[in-house]
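Numbering (the UniProt record's numbering), first residue to last: 1 to 309.
Inspection log for the structure reproduced underneath, given as structure tokens.
Take a look at the structure:
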């Protein structure tokens, strides 16, 4: 029973993250991303308010929220861009088994750089080696497959290369957005007051997310009719909101039952990578070459070295 209590938050985190990626990939292309996200945040806020009163019977959520600082508002902005990056990641063509993996590895590497540069964290030989191994793994995953040159005419090959470069830039933009937004989220989370109730703080953050998403909708959408736009959304909008809360709760429980920070999140991350590879192959019929699997393995070894150094 104690073992079940210990591993339950870990499994919940992996499950929530898996469904989070499935919902991101399943978001309809015809719906405005910010309109869909606003629905997700409404669901997330309602669930957090419910969880606040479940964990604090008779509590005053307004009094709890009043202890929050500017960080909750900045977190709201970063969350919007993280979730937007997830939706765009799959819209531009990334596989479930690869897209999120590469973005998360990028976040891990940049977190090390920011930690060393801004927070005085030590750069050890093992951590530096882990960074090199991660980069090597990413190169192996993304290096193009060899083609039979005799089967391709010179003119067609030139056009293919030009189109590939344009598509490559477009595909990498969501990855870069996710890395930058995740870094901003992590840095801001460090200055969030520890005496604020978690669910009250997250409720405020999701309220801010709703405001930001609505503002971005009216800025980016040609069709200003919000209610007409949200009719285009599907099941993924509320599920995405529920997954966000699931990830918050699982992370809190992960450490309350005794997991170390580095080990807990690392194991959850590695398990998620394995699950997404299987999910991509089984559910989405994604191509998994030997080279890609080797690259994923190398990158995960690098992440382990970086996290445990």
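Even glycine gets a Cβ: it sits at the ideal position worked out from N, Cα and C.
Find out if the Cβ-Cβ distance for the pair residue i, residue j is shorter than 8 Å.
i           : j           : result
residue 49  : residue 212 : no
residue 14  : residue 280 : no
residue 113 : residue 127 : no
residue 12  : residue 243 : no
residue 300 : residue 17  : no
residue 240 : residue 23  : yes
residue 41  : residue 206 : yes
residue 102 : residue 138 : yes
residue 274 : residue 182 : no
residue 131 : residue 302 : yes
residue 228 : residue 28  : no
residue 129 : residue 305 : yes
residue 201 : residue 266 : no
What residue from the options has the CA that sits closest to residue i's CA?
i           : options               : result
residue 191 : 248, 40, 74 and 96    : 74
residue 143 : 168, 45 and 11        : 168
residue 107 : 134, 118, 288 and 125 : 134
residue 5   : 258, 199, 181 and 248 : 258
residue 237 : 26, 184, 189 and 272  : 26
residue 77  : 285, 271 and 189      : 189
residue 9   : 104, 250 and 110      : 250
residue 277 : 266, 82 and 98        : 98
residue 197 : 63, 117 and 34        : 63
residue 67  : 252, 119, 187 and 204 : 204
residue 3   : 288, 254, 87 and 72   : 254
residue 71  : 209, 220, 264 and 214 : 209
residue 221 : 290, 36 and 21        : 36
residue 223 : 179, 34 and 20        : 34
residue 269 : 290, 286 and 100      : 100
Distance, Cα to Cα, residue i vs residue j?
i           : j           : result
residue 298 : residue 136 : 7 Å
residue 115 : residue 121 : 5 Å
residue 194 : residue 230 : 36 Å
residue 52  : residue 93  : 38 Å
residue 295 : residue 140 : 5 Å
residue 226 : residue 39  : 11 Å
residue 32  : residue 124 : 45 Å
residue 105 : residue 174 : 14 Å
residue 30  : residue 89  : 15 Å
residue 216 : residue 56  : 34 Å
residue 1   : residue 7   : 10 Å
residue 282 : residue 288 : 11 Å
residue 171 : residue 91  : 9 Å
residue 153 : residue 292 : Note that residue 153 has pLDDT 48, beneath the 50 cutoff, so the model's placement of it is unreliable and the number below is only indicative. C-alpha separation (whole angstroms): 27 Å.
residue 284 : residue 58  : 46 Å
residue 176 : residue 109 : 13 Å
residue 60  : residue 214 : 27 Å
residue 118 : residue 199 : 29 Å
residue 379 : residue 180 : Outside the shown range of the chain (1 to 309) lies residue 379, about which nothing can therefore be said.
residue 310 : residue 178 : Since the displayed the chain opens at 1 and closes at 309, residue 310 lies outside it and no answer follows.
residue 69  : residue 21  : 30 Å
residue 290 : residue 235 : 35 Å
residue 19  : residue 248 : 14 Å
residue 286 : residue 65  : 44 Å
When you compare the CB of residue i with every CB in chain D, is at least one pair closer than 8 Å?
i           : result
residue 234 : Absence of chain D from the displayed structure is noted, only one protein chain being present.
Determine the DSSP secondary structure at residue i, reduced to helix, strand or coil.
i           : result
residue 57  : coil
residue 277 : helix
residue 188 : helix
residue 141 : helix
residue 24  : helix
residue 284 : coil
residue 17  : helix
residue 289 : coil
residue 32  : coil
residue 172 : helix
residue 297 : helix
residue 213 : helix
residue 159 : For residue 159, the pLDDT reaches just 47, beneath the cut-off of 50, and the residue's location in the model is therefore unreliable, leaving the point undetermined.
residue 258 : coil
residue 369 : Residue 369 lies beyond the range of the chain shown here (1 to 309); nothing can be said about it.
Less than 7 Å separating the Cβ of residue i from some heavy atom of the ligand COA?
i          : result
residue 88 : No copy of the ligand COA appears in this structure; indeed no ligand is present at all.
Minimum length 4: unbroken alpha helix (DSSP H) runs contained in the region 93-132: If we require 4 residues or more, the alpha helix (DSSP H) runs fully inside the region 93-132 come out as 99-118.
List in chain order: all unbroken alpha helix (DSSP H) runs of 4+ residues lying wholly within the region 216-240. Listed in chain order, they are 226-230.
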